[in-house]
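Asks: Residue numbers (the numbering used here): 665 to 958. Note that CB positions come from ideal geometry on N, CA and C, so glycine has one too. The structure is given below, and queries will be raised subsequently.
Right under this line is the structure:
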């Protein structure tokens, strides 16, 4: 194959990706796509694109994705998902993440990277992949009409797990049900799962979710969602907030374990205000929660 051969659109990116064919059976099949768990970037590429240094190349090829989604039949990679703990600026993990992003961009592989202290690839990547496939399919079905869908994928109303009516495509729905159950059992002082999200200009979507466990003491989770040249079918900020709610649900399973990490309500209020003060760095607005009220 001539890796430098231009396509009709002038792009060479697709020629750097190697289809996944044969070998292990896919871990999921959905809407014309198949997903493969635990695949290294080195398995998906053929040849080093121009502009990628040897250090970038060797570092990125060792990175493992929790799920790689391909077109059923052809095996052509469509996007990859990676869940990882939060990485601090200047850390080795952040440097590797940047190099992986550069290589993925060069080979034309969209990457969804979720950074969370509570979410894990083995438990949550498949659910995220299925959600994104469904959301993208819904958006594509509406793109053929002049006005598109009157209701977004995230806003579709139906029957929730607790029997109530509400947004059935809210990934945090099970957490909200669990919070109500914990409140009824008197393990929480407030059953309402709250949250916010922002989209940093040129950066990730950031979602927060929290609930009050003890009087004045809150369980707080934050998720950063890095989306490269890709549409998730829903707003990335809302998706990040929903994933943060999922993370809260994971930690609700053992409230005794989270007790030391609960955040004082006043400290949480200050954090939200400090975030709001940086609104000039957001791509879009910032909605104040009543938590921020004077």
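Can you give the Cα-Cα distance for residue 921 and residue 893, rounded to whole angstroms?
Replies: Answer to the nearest angstrom: the Cα atoms are 38 Å apart.
Asks: Which residue spans inside the region 873-924 form an unbroken alpha helix (DSSP H) run of at least 4?
Replies: The region 873-924 contains these whole alpha helix (DSSP H) runs: 900-916, 919-922.
Asks: Alpha carbon to alpha carbon, how far is residue 940 from residue 720? Give it in angstroms, no decimals.
Replies: Going by the C-alpha atoms only, they are around 35 Å apart.
Asks: Using a Cβ-Cβ cutoff of less than 7 Å, which residues in the same chain neighbour residue 794 once the five nearest sequence positions on both sides are dropped?
Replies: These residues qualify, in order along the chain: 692, 694.
Asks: Can you say whether residue 861 is buried or exposed, counting buried as having 16 or more other CB atoms within 10 angstroms of its CB?
Replies: Buried, by the Cβ-count rule.
Asks: Taking only runs of the beta strand (DSSP E) that begin and end inside the region 701-778, which ones reach a length of at least 3 residues, in chain order?
Replies: Counting only runs of 3 or more, we get 728-735, 741-748.
Asks: Could you please give me the residues that DSSP links to residue 870 through a beta bridge?
Replies: Beta-bridge pairing links residue 870 to 862, 888.
Asks: Residue 904 and residue 945 look like a contact to me (Cβ under 8 Å); what is the Cβ gap, rounded to whole Å?
Replies: Contact doesn't hold; Cβ gap of about 16 Å is too wide.
Asks: Between which two residues does the beta strand (DSSP E) holding residue 821 run?
Replies: Residue 821 -> beta strand (DSSP E) spans 821-823.
Asks: Sorry if obvious, but does the Cβ on residue 925 come closer than 7 Å to a heavy atom of the ligand FAD?
Replies: As for the ligand FAD, it is missing from this structure, which has no ligand bound.
Asks: Could you tell me the distance, in whole angstroms, from the CA atom of residue 787 to the CA atom of residue 943?
Replies: Going by the C-alpha atoms only, they are around 34 Å apart.
Asks: Grab the span of the beta strand (DSSP E) containing residue 692 for me, first residue to last.
Replies: Residues 692-694.
Asks: Would you kindly work out how many angstroms separate the C-alpha atoms of residue 739 and residue 684, rounded to a whole number?
Replies: In a straight line, the C-alpha of residue 739 is about 5 Å away from that of residue 684.
Asks: To which residues does DSSP link residue 831 through a beta bridge?
Replies: DSSP output for residue 831 lists 821 as bridge partner(s).
Asks: Could you please give the first and the last residue of the uninterrupted alpha helix (DSSP H) stretch that includes residue 841?
Replies: Unbroken alpha helix (DSSP H) run through residue 841: 837-848.
Asks: In whole angstroms, what is the alpha-carbon distance linking residue 725 and residue 900?
Replies: Each residue's alpha carbon lies about 26 Å from the other.
Asks: Using a Cβ-Cβ cut-off of 7 Å (strictly less than) and excluding sequence neighbours within five positions of residue 742, which residues of its own chain qualify?
Replies: Excluding residues within five positions, the ones whose Cβ falls inside 7 Å are 697, 733, 734, 735.
Asks: Which of the three DSSP states, helix, strand or coil, is assigned to residue 798?
Replies: In this structure, residue 798 counts as helix in the three-state DSSP scheme.
Asks: Looking at residue 705 and residue 767, is the spacing between their C-beta atoms short of 8 Å?
Replies: Cβ atoms of residue 767 and residue 705: closer than 8 Å.
Asks: Assign residue 710 to one of two classes, buried (16 or more other C-beta atoms within 10 Å of its C-beta) or exposed (fewer than that).
Replies: So residue 710 ends up on the exposed side.
Asks: Helix or strand or just coil, what does DSSP make of residue 667?
Replies: Only weak support is given to the placement of residue 667: the predicted model assigns it a pLDDT of 44, under 50, and the value that follows is read from those uncertain coordinates. In the structure shown, residue 667 sits in coil (DSSP, three-state: anything other than H, G, I, E or B).
Asks: Taking 6 Å as the limit between beta carbons, can you name the residues of its chain near residue 779, skipping five residues before and five after?
Replies: Same-chain partners within the cutoff: 748, 750, 888.
Asks: State the CB to CB distance for the pair residue 796 and residue 882, rounded to an integer number of angstroms; the pair is presumed to be in contact (CB under 8 Å).
Replies: Not confirmed; about 29 Å, so no contact.
Asks: Under a Cβ-count criterion, where at least 16 other Cβ atoms within 10 Å of its own Cβ denotes burial, should residue 843 be classed as buried or exposed?
Replies: Result: buried.
Asks: By DSSP, does residue 947 sit in helix, in strand, or in coil?
Replies: In this structure, residue 947 counts as coil in the three-state DSSP scheme.
Asks: Report the option in 762, 878, 737, 916 whose CA atom is closest to the CA atom of residue 868.
Replies: Measuring from the Cα of residue 868, the nearest candidate turns out to be 762.
Asks: Does the distance from the CB of residue 821 to the CB of residue 832 come in under 8 Å?
Replies: Yes, the Cβ-Cβ distance between residue 821 and residue 832 is below 8 Å.
Asks: So what does residue 927 bridge to, in DSSP terms?
Replies: The partner list for residue 927 (beta bridge, DSSP) reads 882.
Asks: Let me make sure I understand the geometry here. Which of 884, 915, 746, 828 has the alpha-carbon closest to that of residue 931?
Replies: Here the closest residue by C-alpha is 884.
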